[in-house]
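Here's the structure, in structure tokens; my notes come after.
Residue numbers (the working numbering): 63 to 138.
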């Protein structure tokens with residue numbers, strides 16, 4: 063998964079998908095304050111997110127990650 067970040071609407075922090083879980087969005091203030099968690103989800107990865115034009119809402123695309131594996135043996 064790519065590292066995805068966006069400036070917050072006030073341009074005082076970077077919002078990003080937390081790489082520890084990919085389940086939540088956090089913000090990192092540029093003034094050196096500690097990160098702040100913006101969402102509180104326990105499941106489903108966040109793939110994309112964007113702020114509304116007025117900066118009051120956060121839209122995101124969430125879902126499950128599924129990997130299919132096919133094992134083929136002794137092909138002739």
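Note that CB positions come from ideal geometry on N, CA and C, so glycine has one too.
Item to check | Three-pair Cβ contact test at 8 Å for the region 68 to 76 versus the region 113 to 124 | outcome: The region 68 to 76 makes contact with the region 113 to 124: 3 or more CB pairs, one atom from each, lie closer than 8 Å.
Next on the checklist: Using only the alpha-carbon positions, how far apart do residue 75 and residue 129 sit?
Outcome noted: So the alpha carbons of these two residues sit roughly 34 Å apart.
Checklist entry - Distance, Cα to Cα, residue 126 vs residue 82? => result Looking at the two C-alpha atoms, the distance is approximately 16 Å.
Next on the checklist: Going by beta-carbon coordinates alone, are residue 78 and residue 103 separated by less than 8 Å?
Outcome noted: Residue 103 is positioned such that its CB atom lies no closer than 8 Å to that of residue 78.
Checklist entry - The beta strand (DSSP E) spanning residue 110 covers which residue range? => result Residues 107 to 113.
Item to check | Rounded C-alpha distance that separates residue 92 from residue 99 | outcome: Answer to the nearest angstrom: the Cα atoms are 15 Å apart.
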